[in-house]
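J.: The structure that follows is given in the form of structure tokens.
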């Protein structure tokens with residue numbers, strides 16, 4: 330038999346094996362998880378690691394890009410490698426994950442239902458739209474004051490025809506809505522509770538949302554407001570939350586990506602984390618992914634930087650409005666500036682709850698609606714997404730209708746009227762007092778880590794080893810920066826009647842110098858009174874609920890140079906699903922233009938707010954950026970492999986992370 334005949338015979342056997350595997354429905358990787366060193370260095374056989382038949386088919390092909398066979402081999406190998414990289418973007422309400430080569434990720438509710446371990450056990454359910462701070466004595470008054478500011482803003486901005494908008498009183502809609510009764514569309518809604526007759530240990534995603542409240546299951550949302558949902562109740566320990574995440578992610582990988590868990594050793598993972606992150610939590614997540622789930626390697630990167638990759642921008646002020654939190658930071662050339670990071674503890678779910686309160690004032694006809702009911706929360710989210718807008722030209726009472734299809738109930742059709750409520754609810758993002766949240770930490774900054782014994786060379790070590798001169802210079806610079814006048818002092822002087830607005834100049838300056846909450850390492854160089862006053866200022870700042878537009882201006886003002894600030898004003902990228910309202914782009918752009926410092930208004934050529942770059946869904950942009958990251962040549966330097974993690978632990982994050990750990 331000649332050499333060519335032997336090759337054809339081997340090729341035929343390979344094809345036959347492929348057919349058998351496809352018939353069995355088993356998907357096997359055809360390359361090792363790690364990129365061979367010979368490939369990275371561009372020497373030796375470019376298709377090393379591929380099967381013989383695959384090698385011959387590609388070896389015989391010629392380069393279509395004109396760069397030669399070796400380059401094509403590397404491109405081909407990178408494409409295959411990307412198919413074995415899973416990008417995970419865990420949100421507070423939605424988990425998005427998929428292969429780096431997928432056009433769109435799979436998205437599922439980030440929730441799990443766990444069966445009670447003992448009969449008669451009290452049910453525990455994490456809240457969705459409800460939160461702490463809503464039932465304080467001051468909540469109603471604060472909500473009313475916030476609504477007055479919203480109404481004033483609506484009246485002050487003219488419509489496109491130059492006329493003032495005529496406000497619509499909720500009394501006009503209430504009398505009509507209270508008379509409305511639902512029409513029965515069908516005696517069976519078609520919706521069903523999740524079947525739990527087999528008593529599964531857990532249920533994930535949609536199945537968890539549709540668990541009958543009478544069944545013996547606890548409901549857990551493992552991430553709330555962008556952080557791990559640790560609390561004193563059942564399932565609120567760090568171990569329990571990590572176990573929930575492992576179950577949800579493993580289930581989604583098996584069901585939606587069709588990857589058996591035993592094959593994860595062939596795959597690598599890109600994990601997206603918030604811009605303001607908890608180091609201990611990130612460390613635990615990395616350990617879970619590598620050591621428990623069994624991925625062979627991982628890259629950890631920040632959501633904001635991935636959003637710039639996904640949108641194709643080199644620099645931008647990233648405004649991520651999620652369901653539970655809103656984060657703002659400035660990214661320049663793939664680096665998130667630490668001092669510009671802000672996290673606001675409100676998002677789309679707060680708008681949904683505010684919309685429900687406004688509809689109740691207008692006589693909402695569905696009187697059985699409860700914020701503790703998961704299905705009613707889904708309905709309110711749907712009504713918000715359908716009816717709410719930021720278009721000043723839409724005014725007056727309008728008729729609407731919606732359907733309710735709950736399990737074990739008939740399908741009902743409600744008709745009702747709404748006026749300004751559809752505009753007032755999303756405007757609460759700019760006047761967060763309307764949410765009525767009292768006594769909660771509403772603005773979060775990047776705090777210094779408490780330290781980790783596994784990571785000896787952290788910032789505490791660096792501060793301790795600084796020279797006396799460096800410590801003295803840093804303390805002096807901090808004191809000078811604290812005394813600098815605020816960027817918006819002139820604008821805010823006219824608003825002295827509002828106590829919360831009066832402290833804003835101090836907050837703006839605080840962020841530009843103390844946004845990372847780093848206190849000088851040499852306490853002896855700084856008087857105790859100055860140290861305490863700065864801590865008080867930080868506490869006041871974090872207790873203040875900034876509106877979205879002011880948070881953006883604050884973040885941009887914290888940039889180091891005027892040139893960087895100009896870049897940010899000309900490229901404000903809005904991602905996430907919390908601001909997907911009609912005319913949101915024009916509304917936000919108008920508010921930024923009106924409130925930006927006069928000195929920049931003259932020199933910035935145009936303020937551009939981007940809400941749908943390349944007509945992409947803004948909810949998917951960060952995930953898409955993670956997929957782009959997987960295909961970059963420079964990414965090879967960022968991988969943390971399982972053996973390295975076993976040996977060096979969290980020190981690998983300091984060594985390999987693409988951001989300052």
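Numbering (the working numbering), first residue to last: 330 to 990.
From the three backbone atoms N, C-alpha and C, an ideal C-beta is built for every residue, glycine too.
As the structure is a prediction and not an experimental result, all values here were calculated from the model.
Going by C-alpha to C-alpha distance, which of 896, 613 and 558 sits closest to residue 933?
T.: Here residue 933 is taken as the residue at index 604 of the chain shown, counted from 1. Nearest option by C-alpha distance: 896.
J.: What residues in its chain sit with their C-beta under 6 Å from that of residue 942, if we drop five residues either side in the sequence?
T.: Translated into positions along the chain shown, residue 942 becomes position 613. Hits under 6 Å: 640.
J.: Apart from the five residues on each side of it in sequence, which residues of its chain come closer than 8 Å, Cβ to Cβ, to residue 921?
T.: Locating residue 921 in the chain shown gives position 592, counting from the first residue. Closer than 8 Å at Cβ, skipping near neighbours: 878, 881, 882, 898, 901, 936 and 938.
J.: With distance defined between alpha-carbon atoms, name the residue in 759, 782, 874 and 776 nearest to residue 480.
T.: Position 151 of the chain shown, counted from the start, is the residue given in the question as residue 480. Of the candidates 759, 782, 874 and 776, the one whose C-alpha sits nearest the C-alpha of residue 480 is 759.
J.: Kindly indicate the opening and closing residues of the beta strand (DSSP E) around residue 547.
T.: Residue 547 sits at position 218 when you count from the first residue of the chain shown. Its beta strand (DSSP E) spans residues 546–549.
J.: Using the Cβ count rule (16 or more neighbours within 10 Å means buried), how would you classify residue 578?
T.: Counting from 1 along the chain shown, the entry for residue 578 is found at position 249. Looking at its Cβ environment, which holds 16 or more other Cβ atoms inside 10 Å, residue 578 is buried.
J.: Is the beta carbon of residue 678 less than 8 Å from the beta carbon of residue 652?
T.: The residue labelled residue 678 in the question sits at position 349 within the chain shown. The residue labelled residue 652 in the question sits at position 323 within the chain shown. Yes, the pair counts as a contact, with Cβ atoms nearer than the cut-off.
J.: Pairs of beta-carbons, one from the stretch 525–539 and one from the stretch 429–447, closer than 8 Å: are there three or more?
T.: With the cut-off at 8 Å, the stretch 525–539 and the stretch 429–447 touch.
J.: For residue 984, count neighbouring Cβ atoms within 10 angstroms of its own Cβ and tell me buried if that reaches 16, exposed if not.
T.: Position 655 of the chain shown holds residue 984. Exposed, because fewer than 16 other Cβ atoms sit within 10 Å of the Cβ of residue 984.
J.: Using alpha carbons as the reference points, say which of 762, 608, 625 and 415 lies closest to residue 989.
T.: By 1-based counting over the chain shown, the position of residue 989 is 660. Nearest of 762, 608, 625 and 415 to residue 989, Cα basis: 608.
J.: Whose C-beta lies closer than 6 Å to the C-beta of residue 685 among residues of the same chain, with five residues either side of it excluded?
T.: Taking the chain shown and counting its residues from 1, the one referred to as residue 685 is at position 356. Hits under 6 Å: 709.
J.: Give me the DSSP bridge partner(s) of residue 423.
T.: Working through the chain shown from its first residue, we reach residue 423 at position 94. DSSP output for residue 423 lists 438 as bridge partner(s).
J.: Which class does residue 481 belong to by DSSP, given the choice of helix, strand or coil?
T.: For the purposes of this step, residue 481 is taken as the residue at position 152 of the chain shown. Helix, per DSSP.
J.: Hey, which unbroken runs of the beta strand (DSSP E) at 3 residues or more fall wholly within the stretch 440–476?
T.: As far as the stretch 440–476 is concerned, its whole beta strand (DSSP E) runs of at least 3 residues are 441–444.
J.: For residue 1077, tell me which candidate among 963, 417, 716 and 413 has the shortest Cα-Cα distance.
T.: In the structure displayed, the chain extends from 330 to 990; residue 1077 sits before or after that span and is not available.
J.: Please state the DSSP three-state secondary structure of residue 921.
T.: Against the chain shown, residue 921 aligns to sequence position 592. Residue 921 falls in the helix class under three-state DSSP.
J.: Could I get the ranges of all uninterrupted alpha helix (DSSP H) runs contained in the stretch 639–713, with 4 residues as the minimum, in chain order?
T.: Complete alpha helix (DSSP H) runs here, min 4: 677–690.
J.: Using only alpha-carbon positions, find the residue among 795, 903 and 894 that is nearest to residue 930.
T.: For the purposes of this step, residue 930 is identified with residue 601 of the chain shown, where counting begins at 1. The candidate whose alpha carbon is nearest that of residue 930 is 894.
J.: Taking a contact to mean a Cβ-Cβ separation below 8 Å, would you say residue 581 touches residue 707 in this structure?
T.: Here residue 581 is taken as the residue at index 252 of the chain shown, counted from 1. Here residue 707 is taken as the residue at index 378 of the chain shown, counted from 1. Going by C-beta atoms, residue 581 is not nearer than 8 Å to residue 707.
J.: Just how far apart, CA to CA, sit residue 792 and residue 699?
T.: Here residue 792 refers to the residue found at position 463 of the chain shown. Here residue 699 refers to the residue found at position 370 of the chain shown. Roughly 52 Å between the two C-alpha positions.
J.: Grouping DSSP H, G and I as helix and E and B as strand, with all else coil, what is residue 585?
T.: Residue 585 sits at position 256 when you count from the first residue of the chain shown. Residue state, collapsed to three classes: helix.
J.: Nearest to residue 465 by CA position, among 927, 891, 769 and 949, is which residue?
T.: Looking up residue 465 in the chain shown gives position 136. Checked all of 927, 891, 769 and 949; the closest Cα to residue 465 is 769.
J.: Could you tell me whether the stretch 658–672 touches the stretch 612–626, using the rule of 3 or more Cβ pairs below 8 Å?
T.: No: fewer than three Cβ pairs fall under 8 Å.
J.: Identify every residue that forms a DSSP beta bridge with residue 417.
T.: The residue labelled residue 417 in the question sits at position 88 within the chain shown. Its beta-bridge partners are 426 and 600.
J.: Would you mind sorting residue 433 into buried or exposed? The rule is 16 or more other CB atoms within 10 Å of its CB.
T.: On the chain shown, residue 433 is found 104 positions in, with the first residue counted as 1. By the neighbour-count rule (16 or more Cβ atoms within 10 Å), residue 433 is not buried but exposed.
J.: Taking the runs of the alpha helix (DSSP H) that are 4 residues or longer, which of them lie wholly in the stretch 888–973?
T.: Qualifying alpha helix (DSSP H) stretches, in chain order: 891–898, 913–924, 927–932 and 950–960.
J.: With a threshold of 7 Å on Cβ separation, who are the neighbours of residue 695 within its own chain once the five nearest residues in sequence on each side are excluded?
T.: Numbered from 1 along the chain shown, position 366 holds the residue referred to as residue 695. Only 733 and 743 meet the Cβ criterion.
J.: So the alpha helix (DSSP H) residue 883 belongs to, where does it begin and stop?
T.: Within the chain shown, numbered from 1, the residue matching residue 883 stands at position 554. Residues 877–886.
J.: Determine the burial state of residue 620: buried for a count of at least 16 other Cβ atoms within 10 Å of its Cβ, exposed for fewer.
T.: What you label residue 620 is simply residue 291 of the chain shown in a count that begins at 1. Under this definition residue 620 is an exposed residue.
J.: Please report the distance separating the alpha-carbon of residue 554 from that of residue 572.
T.: As a position in the chain shown, residue 554 is number 225, starting the count at 1. As a position in the chain shown, residue 572 is number 243, starting the count at 1. Those two C-alpha atoms are separated by around 19 Å.
J.: What are the boundary residues of the beta strand (DSSP E) that residue 515 is part of?
T.: For this step, residue 515 is matched to residue 186 along the chain shown. 512–515 is the extent of the beta strand (DSSP E) around residue 515.
J.: If we count Cβ pairs, one from each stretch, closer than 8 Å, do we get three or more for the stretch 500–513 versus the stretch 766–786?
T.: The answer is no - the stretch 766–786 does not touch the stretch 500–513, with fewer than three Cβ pairs under 8 Å.
J.: Assuming residue 635 contacts residue 907 (C-beta within less than 8 Å), just tell me the rounded distance between them.
T.: Taking the chain shown and counting its residues from 1, the one referred to as residue 635 is at position 306. Taking the chain shown and counting its residues from 1, the one referred to as residue 907 is at position 578. Not quite, the Cβ-Cβ distance comes to about 18 Å (not below 8 Å), so this is no contact.
J.: In this structure, does DSSP put residue 637 in helix, strand or coil?
T.: Looking up residue 637 in the chain shown gives position 308. Residue 637 falls in the helix class under three-state DSSP.
J.: Within its chain, find whatever has a CB closer than 8 Å to the CB of residue 475; leave out the 5 residues flanking it on each side and keep chain order.
T.: Working through the chain shown from its first residue, we reach residue 475 at position 146. 757, 760, 761, 762, 763, 764 and 765, listed in sequence order.
J.: According to DSSP, which residues form a beta bridge with residue 553?
T.: Residue numbering aside, residue 553 sits at position 224 when the chain shown is read from its first letter. The partner list for residue 553 (beta bridge, DSSP) reads 556.
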